[in-house]
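All remarks here apply to the structure that follows.
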Amino acid sequence: MIERPMRGLRDAYGETLVRLGEADERVVVLDADLSGSTRTAKFGKAFPRRFFNMGISEQDMIGTAAGLASAGKVPFASTFAIFQTGRAWEQIRQSLCYPRMNVKLVATHGGITVGEDGATHHCIEDIALMRVLPNMTVLVPADACEAEKAIEAALKHVGPVYIRAARDKFPVIFDEDYEFTIGKAGTVKAGWDITFVAIGLMVCVALDAAENLAAKSISARVINMATIKPLDQEVIVTAARETGAIITVEEHSIIGGLGSAVAEVLSETCPVPLKRIGVCDCYVMSGKPDILLEKSGLTAKELERVALELLEKKQSPAECVSQSIIDPDCSGGKNNRGEN
Numbered sequence: 026m027i028e029r030p031m032r033g034l035r036d037a038y039g040e041t042l043v044r045l046g047e048a049d050e051r052v053v054v055l056d057a058d059l060s061g062s063t064r065t066a067k068f069g070k071a072f073p074r075r076f077f078n079m080g081i082s083e084q085d086m087i088g089t090a091a092g093l094a095s096a097g098k099v100p101f102a103s104t105f106a107i108f109q110t111g112r113a114w115e116q117i118r119q120s121l122c123y124p125r126m127n128v129k130l131v132a133t134h135g136g137i138t139v140g141e142d143g144a145t146h147h148c149i150e151d152i153a154l155m156r157v158l159p160n161m162t163v164l165v166p167a168d169a170c171e172a173e174k175a176i177e178a179a180l181k182h183v184g185p186v187y188i189r190a191a192r193d194k195f196p197v198i199f200d201e202d203y204e205f206t207i208g209k210a211g212t213v214k215a216g217w218d219i220t221f222v223a224i225g226l227m228v229c230v231a232l233d234a235a236e237n238l239a240a241k242s243i244s245a246r247v248i249n250m251a252t253i254k255p256l257d258q259e260v261i262v263t264a265a266r267e268t269g270a271i272i273t274v275e276e277h278s279i280i281g282g283l284g285s286a287v288a289e290v291l292s293e294t295c296p297v298p299l300k301r302i303g304v305c306d307c308y309v310m311s312g313k314p315d316i317l318l319e320k321s322g323l324t325a326k327e328l329e330r331v332a333l334e335l336l337e338k339k340q341s342p343a344e345c346v347s348q349s350i351i352d353p354d355c356s357g358g359k360n361n362r363g364e365n
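Residues in the sequence shown are numbered consecutively from 26, following the numbering used here.
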C-alpha cells in the first residue's frame with residue numbers, strides 16, 4: 026500500500042478562493058456562520074468587502090447569492106453539506122437551477138468521515154439531491170489538488186455548480202500538472218479484468234484494492250468519476266466492454282448517487298455484472314472516521330473481497346446483449362440482476 030501525504034479539501038478550497046479573488050473581482054463569497062470550518066474565513070480576511078456572513082440562514086444565503094449572480098458577480102456559497110443540500114434544497118431548485126444562476130456551491134463535511142458529529146451531520150444524500158436538479162453540475166474531487174482544479178473550472182463554467190468537500194484530510198493522489206475537465210472521467214490505473222469506478226476518498230481506497238488484487242494476478246482498472254453530472258458515459262461503457270464487470274465505490278448512500286448513475290448507464294447500454302459499494306439504506310453511528318468506513322465496507326480489503334466475488338459472476342463476453350446507441354458492439358459480461 027502506497028504511503029501518500031495528506032491534505033484537506035476544505036483547506037485547498039480556502040486557499041484557492043483567495044487566489045481566484047485576487048485575479049477576478051467578480052468573485053464574492055457567502056457563508057452560513059461556519060467560515061472557520063469551511064475555510065472561507067481566509068477569503069473574508071483578504072477581501073472583507075466581498076465576503077458575506079449570512080448567519081445561520083442557509084435559505085437566505087442561496088437567495089442572496091442568486092441576487093449577486095444576477096448583478097454579474099460570481100458567488101461561492103458554502104456551509105456543511107447537510108445544511109447546504111438539506112435546508113436550502115428548494116431555494117437551490119427555484120432560485121439557482123430554474124433560472125440557471127451562475128452560483129457555485131461548495132459544501133464541506135460531506136459523507137461519513139465527518140465522524141463523531143454523528144448521523145445528523147453525516148451527509149450521505151447530497152449527491153442524489155443535487156444530481157436530480159436540471160442545470161446543476163455536480164463535482165466530487167478525489168484529493169486537494171483536484172479540488173483546486175475543480176474550483177477553478179467551476180469559476181469558468183456558466184451556471185450552478187455543486188462541489189462536495191470533506192472534513193477529514195484525504196491522501197494526495199495527483200500533482201500540480203493534473204488536468205481537470207468538467208464532464209470527463211480519468212482512468213488513474215489501467216486494468217482489464219474488472220473496473221472500480223470511484224469518487225472522493227474512495228478513489229484512493231480503490232487504488233489500494235487494485236494493488237492488492239495485482240498481487241493475485243488480477244488486473245483492476247480504477248476510474249475517477251469526479252464529475253457526477255454530466256456523467257462521462259463513454260468511459261463507463263468502454264470499461265464495461267473491456268473488463269466485463271464494474272464496482273462503484275462512494276462515501277454516499279448507494280441510492281441515488283454514483284452507483285445509481287452508473288447503473289442507469291449500464292442498464293441502457295451495456296449490461297454487465299455490477300456491484301454498488303457505499304452506505305446502505307441506513308444512518309451511520311457516531312465514531313472515528315476510519316471505524317465508520319470499516320463498518321460501512323468502504324475499505325480496500327472489502328473492495329478486494331467484492332471484486333473476487335464479482336469476477337466469478339462474469340460470463341462470456343459474447344453473451345452480452347446491448348441495444349446501446351453509444352456502443353452497439355458492446356462486448357462486456359452478462360448482467361447479474363441480483364447485483365444491480
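Don't be surprised by glycine CBs; every beta carbon is placed ideally from N, CA and C.
Buried or exposed by the 16-neighbour rule on C-beta atoms within 10 Å, applied to residue i
{"i": "R373", "result": "Outside the shown range of the chain (26 to 365) lies residue 373, about which nothing can therefore be said."}
{"i": "C355", "result": "At C355 the pLDDT is 43, less than 50, meaning the model places this residue with poor confidence and gives no usable figure here."}
{"i": "P30", "result": "exposed"}
{"i": "P100", "result": "buried"}
{"i": "P185", "result": "buried"}
{"i": "P296", "result": "buried"}
{"i": "A37", "result": "buried"}
{"i": "R301", "result": "buried"}
{"i": "I27", "result": "exposed"}
{"i": "D257", "result": "buried"}
{"i": "S120", "result": "buried"}
{"i": "I279", "result": "buried"}
{"i": "A223", "result": "buried"}
{"i": "P255", "result": "exposed"}
{"i": "P298", "result": "buried"}
{"i": "C307", "result": "exposed"}
{"i": "I248", "result": "buried"}
{"i": "W217", "result": "exposed"}
{"i": "G39", "result": "buried"}
{"i": "S341", "result": "Here S341 scores only 44 on pLDDT, less than 50, and its place in the model should not be relied on; the value that follows carries that caveat. Exposed, by the Cβ-count rule."}
{"i": "K339", "result": "buried"}
{"i": "T110", "result": "buried"}
{"i": "S285", "result": "buried"}
Continuous alpha helix (DSSP H) stretch holding residue i: start and end
{"i": "L238", "result": "227 to 239"}
{"i": "S60", "result": "60 to 63"}
{"i": "R112", "result": "Careful: R112 lies outside any alpha helix (DSSP H) and carries neither H nor E."}
{"i": "V331", "result": "325 to 338"}
{"i": "M31", "result": "Note, M31: premise wrong, no alpha helix (DSSP H); beta strand (DSSP E) at 31 to 33."}
{"i": "T268", "result": "258 to 268"}
{"i": "R156", "result": "151 to 156"}
{"i": "A71", "result": "66 to 71"}
{"i": "I316", "result": "314 to 320"}
Residue range of the beta strand (DSSP E) that includes residue i
{"i": "K214", "result": "211 to 214"}
{"i": "F77", "result": "76 to 78"}
{"i": "D56", "result": "52 to 56"}
{"i": "V131", "result": "129 to 133"}
{"i": "S278", "result": "271 to 278"}
{"i": "K98", "result": "Premise fails: K98 is in no beta strand (DSSP E) and is neither H nor E."}
{"i": "K194", "result": "194 to 196"}
{"i": "L222", "result": "The residue you asked about is not Leu; residue 222 is Val in the sequence shown. It spans 219 to 223 - the beta strand (DSSP E) in which V222 sits, taken as one unbroken run."}
{"i": "I207", "result": "Unbroken run through I207: none, as it is neither H nor E."}
{"i": "K254", "result": "252 to 254"}
{"i": "I248", "result": "245 to 249"}
Beta-carbon gap between residue i and residue j smaller than 8 Å
{"i": "F205", "j": "E171", "result": "yes"}
{"i": "R330", "j": "I253", "result": "no"}
{"i": "I207", "j": "H182", "result": "yes"}
{"i": "R246", "j": "A264", "result": "yes"}
{"i": "V304", "j": "I107", "result": "no"}
{"i": "T65", "j": "V53", "result": "no"}
{"i": "G282", "j": "I117", "result": "no"}
{"i": "N160", "j": "R125", "result": "yes"}
{"i": "M79", "j": "D56", "result": "yes"}
{"i": "L291", "j": "I261", "result": "yes"}
{"i": "K323", "j": "M227", "result": "Looking at the sequence itself, residue 323 is Leu, so the reference to Lys does not match. Yes, these two residues count as a Cβ contact at 8 Å."}
{"i": "K194", "j": "G61", "result": "no"}
{"i": "F168", "j": "V197", "result": "It should be pointed out that residue 168 corresponds to Asp in this sequence rather than to Phe. It is a contact, given that the beta carbons lie within the stated cut-off."}
{"i": "V213", "j": "L238", "result": "no"}
{"i": "L180", "j": "C122", "result": "no"}
{"i": "V128", "j": "A175", "result": "no"}
{"i": "M86", "j": "A102", "result": "yes"}
{"i": "T89", "j": "F77", "result": "yes"}
{"i": "L59", "j": "W114", "result": "no"}
{"i": "G312", "j": "E141", "result": "yes"}
{"i": "L328", "j": "A234", "result": "yes"}
{"i": "V309", "j": "H147", "result": "yes"}
{"i": "R112", "j": "Q84", "result": "yes"}
Residue i at chain B interface by Cβ criterion, 8 Å
{"i": "R118", "result": "Absence of chain B from the displayed structure is noted, only one protein chain being present."}
- Query: Should the region 265 to 285 be regarded as contacting the region 126 to 134, the criterion being three or more beta carbon pairs within less than 8 Å?
  - Reply: no
- Could you tell me whether the region 187 to 196 touches the region 160 to 174, using the rule of 3 or more Cβ pairs below 8 Å? yes
- What residue ranges within the region 165 to 191 form continuous alpha helix (DSSP H) runs of no fewer than 4 residues, ordered along the chain? 169 to 181
- Taking only runs that begin and end inside the region 280 to 307, name each unbroken beta strand (DSSP E) of 3 or more residues, in chain order. 299 to 304
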